[in-house]
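First residue of the first sequence: 51, per my numbering; consecutive thereafter.
Structure record follows, encoded as structure tokens.
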Amino acid sequence: MTLQRPRGTRDFLPDEMEERRALEGGLRRIAGQWGYREIGTPAFEDAELFTIRSGEGIIHEMYAFEDKGGRLMALRPELTAPVIRLYLNEARVSKKPIRWFYFGNCFRYERPQKGRYREFWQFGAELIGMDCAGTDAEVVMLAQALLCATGITFSLQIGHLAFMQKTLSGLDPETRRRVRALIDKRDKDSLEALLDGREDDVLSRITALASCTDLEDAFAISGVTDERDRILEVFSLLDAGEVSYTLNPGIARGLDYYTGMVFEAFAQNLGAENQVMGGGAYRLAHLFGGEDTPSCGFGIGFDRVMASRGVREPSPSLKVAVIATPEGRTWAVKVAAAMRSSGLTVISDHSDRSIGSRIGGAVGEAAIVAIIGGREAADLSVTLKDLASGVQTTLPLSEAVTMVVSRGPCG
RNA sequence: GCCAGGGUGGGGUAGUGGUUAUCCUAGGGGACUGUGGAUCCCUCGACCCGGGUUCGAAUCUCGGCCCUGGCCCCA
């Protein structure tokens with residue numbers, strides 16, 4: 051038996067790889083238009099970088115290992131922590147706000163299923179060092195612009211932690227933590243069991259908030275006043291940016307470092323693993339020993355976006371197949387080089403069959419064949435045959451190149 | 001970690017205990033050598049792994065691995 055690829059990983063053949071690169075390129079271009087610049091971080095880091103953020107428990111869900119120096123390392127399971135680490139190491143005195151985006155593979159030791167792999171790719175953006183309604187709105191608008199560009203159908207939900215925090219403010223910290231986790235899980239039964247018998251109406255308020263989609267209702271139910279102006283401004287900016295979203299004050303986010311606005315997007319046509327984007331405003335830098343720094347960012351599940359897009363026809367490109375007879379081979383090398391210098395994609399046919407069968411073999415692979423035999427080699431010309439139309443002409447090299455270039459892409 | 005369904009050449013398949021494992025497709029080689037995937041010939045190549053039952057296992061059985069989907073988790 052041949053060796054197998056590791057569980058939960060994938061190989062990409064050229065068709066799929068081209069699609070992935072095309073999508074990647076589109077996302078990079080848009081992030082660039084918003085003034086975000088790409089950064090890169092190592093594939094592995096000190097495991098501590100991730101356990102500080104998410105707790106010791108996640109060590110079992112990471113590819114963690116001891117290196118030869120006895121250090122506990124981990125393949126990165128996500129990219130937000132590395133980005134903040136990079137910021138603290140290299141850029142804390144940079145002009146604020148910092149706008150960065152990233153695209154990279156991440157690794158988690160989990161059971162594979164649809165939309166979940168042990169190696170997966172994330173595209174994300176972070177805005178670091180400024181915290182206002184304008185930055186909150188910008189980050190959400192960027193996320194939406196990126197997702198729209200992928201062509202998938204998704205729903206965007208936006209909330210703010212203030213609603214739930216205010217609603218839960220009467221509870222002791224431990225109960226509050228458990229309630230938040232249960233809300234995140236949407237575990238209604240356990241929630242009722244935990245809060246049953248309380249004098250206040252916390253349970254009913256939580257339930258009302260979770261199903262509330264109107265901003266004024268959310269303020270009324272939760273009693274939020276301090277952050278009201280900020281929240282209203284964010285949403286009015288989002289409306290001005292024509293972002294289509296659903297308000298979801300029930301987004302709780304179990305993690306403590308999220309501070310304000312939170313948002314998520316779900317693809318319409320995926321199974322259980324349908325969240326394609328998640329993000330929010332957070333403060334993480336102080337956990338890593340830096341100065342307390344506000345940030346706002348999101349991550350897009352690249353593989354889930356690919357899955358949601360489904361299989362697409364590869365885009366056609368203009369390719370030239372160079373078919374040479376033994377007498378034409380030397381000249382054919384020069385012809386191919388000249389064509390490539392002009393930006394064309396050229397495939398040299400090195401087989402030794404009849405011209406006829408080689409033309410046949412080029413059908414479906416190339417749009418044009420260049421036939422180079424003794425006659426062409428003798429007068430430094432090229433015979434071009436358009437496989438779609440069957441039209442054939444013999445021209446001097448420079449004219450032949452010009453003609454192919456002007457033809458443009460085709461199937 | 002749990003549940004369900006799966007695993008036969010590169011891809012797709014036939015095969016309910018019995019010859020040399022079927023067929024399609026793809027790949028390689030040859031004939032053909034200045035014009036459309038042709039044709040003809042040759043060829044490579046598989047029962048996921050291991051134990052058990054049996055005279056005999058792709059087939060029955062147990063364990064593992066892997067795949068697909070779901071649960072848990074989801075930073």
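Backbone N, C-alpha and C fix where the C-beta goes; we use that ideal spot for every residue, glycine too.
Could you spell out the range, first to last residue, of the alpha helix (DSSP H) harbouring residue i?
i, result
"Y137", "130-140"
"C262", "Neither: C262 is in no alpha helix (DSSP H) and is coded neither H nor E."
"V372", "Run containing V372: none in the alpha helix (DSSP H); it sits in the beta strand (DSSP E), 369-374."
"S431", "Segment 431-436 is the beta strand (DSSP E) holding S431; no alpha helix (DSSP H) there."
"V455", "447-457"
"M21", "What is shown of the chain runs 51 to 461, which leaves residue 21 out entirely."
"A388", "379-391"
Should residue i and residue j be called a contact, given that it needs their Cβ atoms to be closer than 7 Å?
i, j, result
"F173", "F352", "yes"
"A124", "A97", "yes"
"R158", "E106", "no"
"L218", "R226", "yes"
"V370", "A420", "yes"
"L368", "A417", "yes"
"T200", "V361", "no"
"Y137", "I89", "no"
"S261", "A317", "no"
"F213", "L259", "yes"
"P364", "D65", "yes"
"L197", "A290", "no"
"L177", "A131", "no"
"E169", "T59", "yes"
"L297", "L265", "yes"
"S240", "L253", "no"
Closer than 6 Å by C-beta to residue i: which residues in its own chain qualify, once you throw out the five before and the five after it? Chain order, please.
i, result
"D181", "P344"
"A114", "A97, A124"
"I409", "V419"
"E283", "A183"
"K146", "G179, M180"
"R149", "G85, Y86, L177"
"S392", "V451, V455"
Considering residue i, what are the terminal residues of the beta strand (DSSP E) in which it resides?
i, result
"M176", "The sequence given here has Glu at residue 176, not Met. E176 -> beta strand (DSSP E) spans 169-178."
"R333", "325-333"
"S398", "395-399"
"S345", "344-351"
"S205", "204-210"
"A97", "It is not in any beta strand (DSSP E) - A97 instead sits in the alpha helix (DSSP H) that spans 97-104."
"V419", "418-422"
"R149", "148-157"
"F115", "114-116"
Leaving out five residues on either side along the sequence, give the residues of the same chain with a beta carbon under 8 Å from the beta carbon of residue i.
i, result
"W381", "A374, I422, E426, A427, L430"
"Y307", "R103, Y332, R333, L334, L337"
"R303", "L211, R230, D234, V312, G330"
"R57", "P162, R168"
"L73", "T200, F352, V355, M356, R359"
Rounded to whole angstroms, how far is the Cβ of residue i from the Cβ of residue j, which I believe are closer than 8 Å?
i, j, result
"E116", "L122", "6 Å"
"V372", "V396", "6 Å"
"G21", "G321", "Only positions 51 to 461 of the chain appear in the structure, and residue 21 is not among them; the question remains open."
"F348", "A193", "5 Å"
Regarding residue i and the ligand GTP, is the C-beta to nearest heavy atom distance less than 6 Å?
i, result
"E98", "The ligand GTP is not part of this structure, which contains no ligands at all."
Inset, instruction - Determine, using beta-carbon pairs with one atom in the stretch 184-197 and one in the stretch 241-260, whether at least three such pairs fall under 8 Å. - result: no
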